[in-house]
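Below is one structure; the comments refer to it alone.
Residue numbers (our numbering): 75 to 472.
Structure follows, in structure tokens:
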């Protein structure tokens, strides 16, 4: 660190103004005042010789705008970081000493001189261990349910049992015998509703890392490094943000115009620009940075494979936020037999909306044949199916 201090002091000799271009978060604000101390310029020159540039991307437009609208560095935010660092140090030292002595006394053969405590890391490890123990101590169990089938217009349709599942096989067999005793199902209710699948809000860091891990197969640390690299290259906005709400002054049309030149989504973008895009959903603004947004077009050949996939998702997500909601018709038909209720549900998409650019979120279509309330329909067969929950991580509501 000493050579950095000397370098800053040397570069600051004879300078008239100091403009601080650090990350626009609390940590960046704290570093601003470290830089001021290194340069030797008195802090009371803030507002006269010392200024702060605030920006969320390194595009020419944002950099020029930041330079034209310089602000003052925030001393309170810098002091907040100092306070947190001091608290982290004191808590870490105290608990490290406590748990080192405790575990060395409890386990005489413990091969460790120091067992360190991290105010963030240790509680997180606790959650991981808790989940691990839940999964390992989970006892697999069986449950049974009924699958009732009817034939309509030549198609076999499976009905869902209202009871979902039972954990007693003999009781399930009893219900299986009760249902066919009537020989037919009576249609007791038909409901048709127009429903909406809402477009996503702006993309923040946590959700980006979730998608990278679950859908793209990219670990959080690697994904964050890639996102930071994309930011430095000017392809996306600052990737460390908790906000999902765009500022009122955000220029959506400008970003869409940039993305329109990529053939992968050019049709979607041009349709939005011609027909009119919609404002994103009202997300959550925590006052740090706007949501992660593409800032300029990246050629696929200029990026590594995974970096391109991450950039592609960021672009698709942004286009999805300004697209219309997905609209579909949900038809639910209720049947009764032997005192038991069964249902089948159909979906018909009337407007794809944002799912045309994010097809993995599309509503699955399954059109039902025409039914009429009060009619009866013969039961084709009633089967019992068995499911065995193999681990705690499996869903329990299926």
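For glycine and all other residues, C-beta sits at the position ideal for the given N, C-alpha and C.
Could you tell me the alpha carbon to alpha carbon distance between residue i and residue j, rounded to whole angstroms?
i           : j           : result
residue 137 : residue 177 : 53 Å
residue 471 : residue 161 : Reliability of the predicted coordinates at residue 471 is poor, the pLDDT of 44 falling under 50, and the value obtained from them is presented with this limitation in mind. Taking the straight line joining both Cα atoms gives about 43 Å.
residue 154 : residue 104 : 8 Å
residue 50  : residue 212 : Not covered by the structure: residue 50. The range shown for the chain is 75 to 472.
residue 174 : residue 203 : 19 Å
residue 309 : residue 423 : 34 Å
residue 89  : residue 401 : 60 Å
residue 318 : residue 220 : 43 Å
residue 409 : residue 210 : 41 Å
residue 230 : residue 442 : 11 Å
residue 342 : residue 241 : 49 Å
residue 360 : residue 99  : 11 Å
residue 123 : residue 337 : 48 Å
residue 300 : residue 393 : 21 Å
residue 76  : residue 83  : 11 Å
residue 108 : residue 372 : 35 Å
State the DSSP-derived secondary structure class of residue i, mapped to helix, strand or coil.
i           : result
residue 262 : strand
residue 469 : Note that residue 469 scores a pLDDT of 49, beneath 50, so its modelled location is shaky and nothing firm can be said.
residue 232 : strand
residue 56  : Residue numbering for the chain in the displayed model covers 75 to 472; residue 56 lies beyond these limits and cannot be assessed.
residue 368 : strand
residue 184 : coil
residue 148 : coil
residue 49  : Any answer about residue 49 is impossible in this case: the structure gives the chain only from 75 up to 472.
residue 338 : coil
residue 176 : helix
residue 98  : coil
residue 171 : helix
Please name the residue or residues paired with residue i in a DSSP beta bridge.
i           : result
residue 457 : 221
residue 452 : 258
residue 226 : 229
residue 93  : 125
residue 240 : 218
Under 9 Å, Cβ to Cβ, is there at least one residue of chain B near residue i?
i           : result
residue 206 : Going by chain labels, chain B is absent from the structure shown, which holds only one protein chain.
Report the CB separation of residue i from residue j in whole angstroms; it is logged as a contact under 8 Å.
i           : j           : result
residue 236 : residue 460 : The Cβ separation is near 19 Å, so there is no contact.
residue 316 : residue 278 : 5 Å
residue 272 : residue 399 : 5 Å
(message) My parser needs the alpha helix (DSSP H) runs of 4 or more residues fully inside the stretch 373 to 449; what are they?
(response) You should have 379 to 395.
(request) Report the residue ranges of all beta strand (DSSP E) runs contained in full by the stretch 120 to 146; include only those spanning at least 3 residues, in chain order. (result) Those beta strand (DSSP E) runs which fall completely within the stretch 120 to 146 and span 3+ residues are 124 to 126.
(message) Threshold first: 3 residues or longer. Then list the beta strand (DSSP E) segments lying entirely within the stretch 254 to 329, N to C.
(response) List check, beta strand (DSSP E) in window: 258 to 271.
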